[in-house]
Amino acid sequence: MIWKPAYWDAWRSGELRRRSQEAEKLLASCTLCPRNCRADRRWGRTGYCRSGRLPAVASYNAHHGEEPPISGTRGSGTIFFSNCNLSCAYCQNWPISQLGQGKEVSFEELAGMMLELQERGCHNINFVTPSHMVAQIIISLELATERGLRIPLVYNSSGYDSLEALALLEGLVDIYMPDIRYLDRAAAQRYSGASNYPEVAKAALREMWRQVGPLVLDGDGIARRGMLVRHLVLPNNLSQSLECLEFLAREISPRVYLSLMAQYFPAHRALKMPELARGLSHEEYQRAVEKAEELGFDNGWFQELDHSGGGPADRIVNNN
Ligand code: SF4
Numbered sequence: 000m001i002w003k004p005a006y007w008d009a010w011r012s013g014e015l016r017r018r019s020q021e022a023e024k025l026l027a028s029c030t031l032c033p034r035n036c037r038a039d040r041r042w043g044r045t046g047y048c049r050s051g052r053l054p055a056v057a058s059y060n061a062h063h064g065e066e067p068p069i070s071g072t073r074g075s076g077t078i079f080f081s082n083c084n085l086s087c088a089y090c091q092n093w094p095i096s097q098l099g100q101g102k103e104v105s106f107e108e109l110a111g112m113m114l115e116l117q118e119r120g121c122h123n124i125n126f127v128t129p130s131h132m133v134a135q136i137i138i139s140l141e142l143a144t145e146r147g148l149r150i151p152l153v154y155n156s157s158g159y160d161s162l163e164a165l166a167l168l169e170g171l172v173d174i175y176m177p178d179i180r181y182l183d184r185a186a187a188q189r190y191s192g193a194s195n196y197p198e199v200a201k202a203a204l205r206e207m208w209r210q211v212g213p214l215v216l217d218g219d220g221i222a223r224r225g226m227l228v229r230h231l232v233l234p235n236n237l238s239q240s241l242e243c244l245e246f247l248a249r250e251i252s253p254r255v256y257l258s259l260m261a262q263y264f265p266a267h268r269a270l271k272m273p274e275l276a277r278g279l280s281h282e283e284y285q286r287a288v289e290k291a292e293e294l295g296f297d298n299g300w301f302q303e304l305d306h307s308g309g310g311p312a313d314r315i316v317n318n319n
C-alpha cells in the first residue's frame with residue numbers, strides 16, 4: 000500500500016478547504032490557544048502571543064538534532080515560528096519566542112518553505128512552536144498540498160494547546176511531538192506564565208494520543224505517524240518529573256515514545272532565579288531515568304549528561 004500523509008485525504012475531500020476557512024474566521028476573535036484572548040488578529044498583534052494574521056517565521060532548515068525517527072538521515076524540515084503563547088523563564092530561544100525575532104511571510108511563502116524542505120529531501124515538515132500559528136499552518140498547508148506536498152507533518156509544541164485547535168488539526172497532523180513541562184500550577188505560572196498549563200497539557204496530550212496513537216516507523220526507522228512526548232528535567236524538581244512520568248504511564252501509555260531530556264542550562268531570566276541558575280545534576284536526571292524504567296517505558300531516548308555537571312549532551316541513547 001502506498002503511504003499518504005494524513006492531510007492528503009482531507010485535501011482531496013475538501014475538508015482541508017473547510018478547515019482553512021474555519022481557521023481564518025477564528026483569527027477575528029482568536030481562541031486558537033488556551034489563552035483565549037479573543038484578539039482580532041486580522042488588524043493587530045494585541046493577543047498574548049503578539050502575532051497577527053500572517054505567519055511569522057524565524058528560520059527554516061533541515062535539522063539533524065531531533066530524535067532519530069524525526070531527523071532520520073536527511074533531516075527534519077523545521078520551521079521555527081516567531082513568538083509563543085508561553086513565556087518560559089529559561090527559554091533558550093527567547094529572542095525568537097519572546098522578542099519576536101523573525102519576519103512575517105505570506106501564506107504562499109510559508110507553503111513555499113514546506114515545499115522547499117521537501118525538495119531538499121527532509122523526512123517531514125516540523126512546525127516548531129506552532130500553538131499560536133495553527134490557523135496559518137492550516138491555510139498554508141492547503142496551498143502546499145495543492146502544489147505537491149506529500150511528507151508527514153510534525154506538530155512540535157509545548158503541550159499548551161487547546162482542544163479547539165486540536166480539533167482543527169485532527170486528520171491533518173501525522174505526528175504530535177508535545178512537551179509535558181509541569182504538573183504543578185504554581186511552577187507553571189512562575190516559570191512559564193501559565194498557571195493552567197497542567198490541566199491544559201494533560202487534556203491536550205490525551206487528545207493527541209487519541210488522534211494518532213503510538214509512533215509508527217517505516218522500514219528505515221523514520222516516523223510516519225503517532226506521538227512522541229518530551230520531558231525536560233529541570234533542576235530542583237521544578238518540572239515535577241516523577242509526576243509527569245506517572246501521568247504519561249497511567250493516562251497515556253507506557254508504550255508512548257518518551258524523550259527524557261537532560262539538556263537544561265540556565266538562559267534568559269533563569270540566570271537571575273537562584274533555583275534555576277544551575278544545570279541538572281547526575282542524581283536529578285538519574286532519578287527520572289530510574290522512574291521511567293520502573294514505570295515500564297520501553298520506547299524512547301535518554302540523554303547523557305556531560306561530566307562537567309550538567310551541560311547539554313549531544314548523544315541520544317536509545318532505550319530499547
Ligand atoms: S493564539 Fe495568540 S491571540 Fe490567539 S488566543 Fe492564543 S495567545 Fe491569544
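Going by numbering that gives the first Met the number 0, 170 is the number at position 171 of the sequence shown; the sequence numbering is gapless.
Idealized CB from N, CA, C, for every residue including glycine.
For residue i, collect the residues of the same chain with a Cβ closer than 7 Å to its Cβ; drop the 5 residues on either side in sequence, then sort them by chain order.
i    : result
G220 : P67 and P68
V104 : L53, P54 and V56
Y6   : L15, L140, T144, L152 and L171
A269 : A88, Y89, L275 and A276
L114 : A143, R146, G147 and L148
R44  : S50 and G51
E169 : Q210
S70  : H62, H63 and G64
Let me know the secondary structure DSSP gives residue i once reduced to three states.
i    : result
D8   : helix
I1   : coil
R223 : strand
S240 : helix
Y190 : helix
Y284 : helix
F296 : coil
F301 : strand
A55  : strand
N235 : helix
S19  : helix
L279 : coil
V127 : strand
S307 : For S307, the predicted structure reports a pLDDT of 42, less than 50, and the residue's modelled location is therefore unreliable. A value from the coordinates is still provided. Three-state result, S307: coil.
R40  : coil
N319 : Residue confidence is low: N319 scores 35 on pLDDT, short of 50, so the model does not pin down where it sits. No coordinate-derived value is stated.
V228 : strand
S252 : coil
H62  : strand
Is it the case that the CB of residue i approaches a heavy atom of the ligand SF4 more closely than 7 Å?
i    : result
T128 : no
N195 : no
A202 : no
S81  : no
R41  : no
Hey, would you say the C-beta of residue i is under 7 Å away from at least one heavy atom of the ligand SAH?
i    : result
G192 : The model depicted lacks the ligand SAH and carries the ligand SF4 instead.
Skipping 5 residues on each side, what residues in its chain have a beta carbon closer than 6 Å to that of residue i?
i   : result
S58 : F79
Looking only at its chain, what residues have a beta carbon closer than 8 Å to the beta carbon of residue i, apart from the 5 residues adjacent to it on each side?
i    : result
L279 : V232, L233, P234, A261, Y263, L304 and G309
S238 : R180, Y181, A186, H230, L231 and V232
C121 : A61, R73, G74, S75, G76 and I150
S252 : W208 and P213
A202 : L162
S81  : S50, A55, V56, A57, I95, S96, G99, Q100, G101 and K102
A9   : L15, R18, G170 and L171
### Task
Pick out the complete alpha helix (DSSP H) segments inside the stretch 71 to 117, 4 residues or longer, and give them in chain order.
Counting only runs of 4 or more residues that sit fully inside the stretch 71 to 117, the alpha helix (DSSP H) segments are 93 to 96, in chain order.
### Message
Residues around the ligand SF4, please: the ones whose beta-carbon is closer than 5 Å to some heavy atom of it, in chain order.
### Response
Every residue passing the under-5 Å Cβ criterion appears here: C29, L31, C32, R34, C36, A38, G46, Y47, C48, N84 and H131.
### Query
If you scan the stretch 147 to 215 from start to end, which runs of the alpha helix (DSSP H) of 4 or more residues do you find wholly inside it?
Look at the stretch 147 to 215 and you find these whole runs of alpha helix (DSSP H), each 4 residues long or longer: 162 to 168, 184 to 191 and 196 to 211.
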